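Below is one structure, written out as structure tokens, with a few remarks after it.
2 protein chains.
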Amino acid sequence: MKAFITGVAGFIGSSMADRLLSHGNAVVGWDDFSTGQEPFLENARRDPHFRLVRGDNLDLPALTAAMAGCDAVFHFAANADVRFGLEHPAKDLQQNTVATFHVLEAMRANGIKTIAFSSTGSVYGEAAVIPTPEDAPFPVQTSLYAASKVAGEGLIQAYCEGYGFAGYIFRFVSILGERYTHGHVFDFYRQLLEHPDHLRVLGDGTQRKSYLYVQDCLSAILHVMNAGTARAAKHRSQVYNLGAPEYCRVTDSIGWICESLGLQPRLEFTGGERGWVGDNPFIFLDTAKVQATGWRAELSIREGILRTLAWLQKNEWVLAQR
Amino acid sequence: MKAFITGVAGFIGSSMADRLLSHGNAVVGWDDFSTGQEPFLENARRDPHFRLVRGDNLDLPALTAAMAGCDAVFHFAANADVRFGLEHPAKDLQQNTVATFHVLEAMRANGIKTIAFSSTGSVYGEAAVIPTPEDAPFPVQTSLYAASKVAGEGLIQAYCEGYGFAGYIFRFVSILGERYTHGHVFDFYRQLLEHPDHLRVLGDGTQRKSYLYVQDCLSAILHVMNAGTARAAKHRSQVYNLGAPEYCRVTDSIGWICESLGLQPRLEFTGGERGWVGDNPFIFLDTAKVQATGWRAELSIREGILRTLAWLQKNEWVLAQR
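Structure (structure tokens):
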């Protein structure tokens, strides 16, 4: 297979490139390096079956040209900056919704019909049902990020219905592991490097969230796509929640991180059950559908957080990037 | 109240302008006249409280300037051409999703925080639950039109959450009545004018659909907004299905139309349970939520179809417009 990966220099995109290359596939990687990291591609660039194209998803002709000859698209490029959407509302629309439309149009122009898409559990808003299944009640969007992702999902589904695409939509919890460059472990570790005796925590620390280790995430995506459910189903688009079969509290994660670092910082909570406007105090996805395909997460949330921390300790350069 | 209406020269927009003006409100109407009809504004233009601004929703500075001083926005402008979305996939994205974003940004720039939005029952795709309630299972989109509308809904909801807007999202069935310019009654009447002995019907005629008379639709919108549910609710955006508490088959509608015209045409069915790719063979919305506010439809579907036909007979100029 010759795969096209958008956001190839990002956390998940670069990890998928390495995985696909290690299995003998060819990969064309696409990134504008607005948040992508050159070092994440060091491994891939040593592989003769990897080709990197620098470009912007809003440049449809360049995107269409880069995609020529590929068999499937992994669309991971996104503005993943959930918290600050309200400061620049056009960004999610352009970089997530319009970008996804361009990816679909570039595929159509090239006759490529298989797409995997990184959506988010945030599309459930403040879910009425927890753990939240894929067919939860039609949600109310609570962030521009999630609104832009649900728009991307709808576009993919309409292309599957109208143009015969096969679409695999994955609603991720927060992903952890090597090459993780933003999120609470990143924030906490950076704070504790600066002031080991003091940790400022958004919200009241009781927020419950689920996470998934990046290699487990990649395994799930490839497992589902190999099973080809979207080619066989009534709807040629299929939606899968991806997450661990557990959740933890912010304070659990703080305990694991501090224990690992040998620190006992004073905790300062900013208060309130939400860390920011649009934050969801309880995210836990029902993953029975993906588990029914035979996939299982290998790492617990605690193990994922500790691997993330260990990687950040060895790669402190990423802390200076933001 | 000084209301801003996008798509003011359209079927629903012009009808809402007349209604609001008749109740003593001021109206600023906005339309690019790509599908809007000058004659629909004849009544409004005689009212000194009406001002028309010609412009395109994709021109954000002009939209922002036009909206200055208004209190609430009725966002009805849309590419409503559901059937032909696959022929020009950018159109729904630009004219529905991006346009809605521009309307929200223009509101934010002007400090206007109340919006009513014409969404569609098509966002439920091929609903698993019929009659379909607002909190039906998270649907799969089956048309670019519905995908663009669900994207608009998500944007409005995120603006309500993030910027304190009050949003009233109405998921319409097909609307009927005076100034109706496209849909099956239009198609059938135009055909029967050309060849009274023969009627070509998309699909097998068994498609079941619900409809609502335009004046009932306007009453429902204003009734819900006056009740102010979105100001009081947990979510400052509220979603309401709008439709009649009944449905009919295509063949029922043909019967009423032909009886009224005194014709007995030979029926030619194109076959299949869907009239076109993305057509939904059964649309019937659960309207218990809007009925719980005290609103009731005054006209039956049959009465709505007959009023539509009578209006088309008196206004055959619209048949030449498309």
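Protein sequences appear in the order of chains C and R. Last residue of the first sequence: 1655 (my numbering), numbering continuous. Last residue of the second sequence: 1655 (my numbering), numbering continuous. Glycine included, C-beta positions come from ideal geometry on N, C-alpha and C. Nothing here was measured: the structure is a model prediction, and the numbers come from that model.
Between the CA atoms of residue j and residue i - distance to the nearest angstrom
i, j, result
"F1366 of chain C", "A1350 of chain C", "16 Å"
"A1553 of chain R", "L1374 of chain R", "22 Å"
"L1385 of chain R", "A1377 of chain R", "9 Å"
"Q1571 of chain R", "A1491 of chain C", "25 Å"
"H1408 of chain C", "E1649 of chain C", "28 Å"
"E1631 of chain R", "D1549 of chain R", "6 Å"
"K1446 of chain C", "N1559 of chain C", "15 Å"
"Q1597 of chain C", "L1525 of chain C", "10 Å"
"T1465 of chain C", "A1401 of chain R", "42 Å"
"G1536 of chain C", "L1545 of chain R", "46 Å"
"Y1478 of chain R", "I1508 of chain R", "16 Å"
"A1399 of chain C", "R1523 of chain C", "37 Å"
"S1455 of chain C", "V1506 of chain C", "8 Å"
"K1647 of chain C", "A1411 of chain R", "53 Å"
"F1471 of chain C", "G1604 of chain C", "30 Å"
"I1502 of chain C", "S1451 of chain C", "6 Å"
"S1481 of chain R", "A1484 of chain C", "7 Å"
"A1566 of chain R", "G1357 of chain C", "54 Å"
"Q1428 of chain C", "W1609 of chain C", "22 Å"
"F1498 of chain C", "E1592 of chain R", "44 Å"
"N1390 of chain C", "D1425 of chain R", "19 Å"
"V1406 of chain R", "R1379 of chain R", "22 Å"
"G1595 of chain C", "P1529 of chain C", "10 Å"
"G1444 of chain C", "G1362 of chain C", "18 Å"
Residue i classed as buried or exposed, judged by whether at least 16 other C-beta atoms fall within 10 angstroms
i, result
"T1430 of chain C", "buried"
"H1382 of chain R", "exposed"
"H1517 of chain R", "buried"
"K1542 of chain C", "buried"
"T1453 of chain C", "buried"
"V1473 of chain R", "buried"
"S1355 of chain R", "exposed"
"G1588 of chain R", "exposed"
"A1461 of chain R", "exposed"
"Q1654 of chain C", "exposed"
"L1353 of chain R", "buried"
"D1392 of chain C", "exposed"
"M1440 of chain C", "buried"
"G1346 of chain R", "buried"
"G1500 of chain C", "buried"
"R1569 of chain R", "buried"
Per DSSP, the bridge partner or partners of residue i
i, result
"T1453 of chain C", "C:F1505"
"V1572 of chain C", "C:I1502"
"C1581 of chain C", "C:K1542"
"F1383 of chain C", "C:V1360"
"L1600 of chain R", "R:L1532"
"F1373 of chain R", "In DSSP, F1373 of chain R forms no bridge with anything."
"K1446 of chain C", "DSSP lists no partner for K1446 of chain C."
"L1639 of chain C", "In DSSP, L1639 of chain C forms no bridge with anything."
"V1415 of chain R", "According to DSSP, V1415 of chain R bridges with nothing at all."
Minimum C-alpha distance to residue i - residue among the options
i, options, result
"F1617 of chain R", "R:I1634, R:T1603, R:Y1580, R:T1584", "R:Y1580"
"T1475 of chain C", "C:L1532, C:R1523, C:M1334, C:F1417", "C:F1417"
"V1360 of chain R", "R:Q1370, R:T1368, R:W1628, R:S1348", "R:S1348"
"V1547 of chain C", "C:D1380, C:T1514, C:G1595, C:R1564", "C:T1514"
"A1449 of chain C", "C:G1495, C:G1561, C:A1423", "C:G1561"
"H1556 of chain R", "R:S1586, R:F1521, R:V1623", "R:V1623"
"G1340 of chain C", "C:G1500, C:A1432, C:A1423", "C:A1432"
"T1620 of chain C", "C:Y1496, C:V1534, C:W1628", "C:W1628"
"A1643 of chain R", "R:V1610, R:I1590, R:N1443", "R:I1590"
"G1576 of chain C", "C:G1595, C:L1551, C:L1594", "C:L1551"
"A1563 of chain C", "C:T1626, C:E1527, C:E1592, C:I1338", "C:T1626"
"A1423 of chain C", "R:A1336, R:H1435, R:V1415", "R:H1435"
"Q1540 of chain R", "R:S1586, R:P1529, R:D1425", "R:S1586"
"F1337 of chain R", "R:L1437, R:F1519, R:R1379, R:T1368", "R:L1437"
"A1442 of chain C", "C:P1394, C:E1527, C:R1387", "C:P1394"
"K1335 of chain R", "R:G1538, R:R1379, R:D1404", "R:D1404"
"I1638 of chain C", "C:T1584, C:G1444, C:E1606", "C:T1584"
"F1521 of chain C", "C:D1364, C:T1368, C:L1652, C:G1388", "C:L1652"
"T1641 of chain R", "R:F1519, R:Y1457, R:E1459", "R:F1519"
Inter-residue CB distance, residue i and residue j (contact presumed, cutoff 8 Å)
i, j, result
"E1486 of chain R", "N1574 of chain R", "Not quite, the Cβ-Cβ distance comes to about 13 Å (not below 8 Å), so this is no contact."
"R1512 of chain C", "F1344 of chain C", "5 Å"
"R1582 of chain C", "H1531 of chain C", "So it is not a contact: roughly 20 Å between Cβ atoms."
"G1611 of chain C", "E1420 of chain R", "So it is not a contact: roughly 37 Å between Cβ atoms."
"V1534 of chain C", "F1615 of chain C", "That pair is no contact at about 16 Å."
"E1413 of chain C", "E1371 of chain C", "Strictly speaking, residue 1413 of chain C in this sequence is Ala, with Glu absent from that position. Not quite, the Cβ-Cβ distance comes to about 18 Å (not below 8 Å), so this is no contact."
Cutoff 8 Å: residue i Cβ touching any chain A Cβ
i, result
"A1480 of chain C", "In the structure shown, chain A does not exist; the protein chains are C and R."
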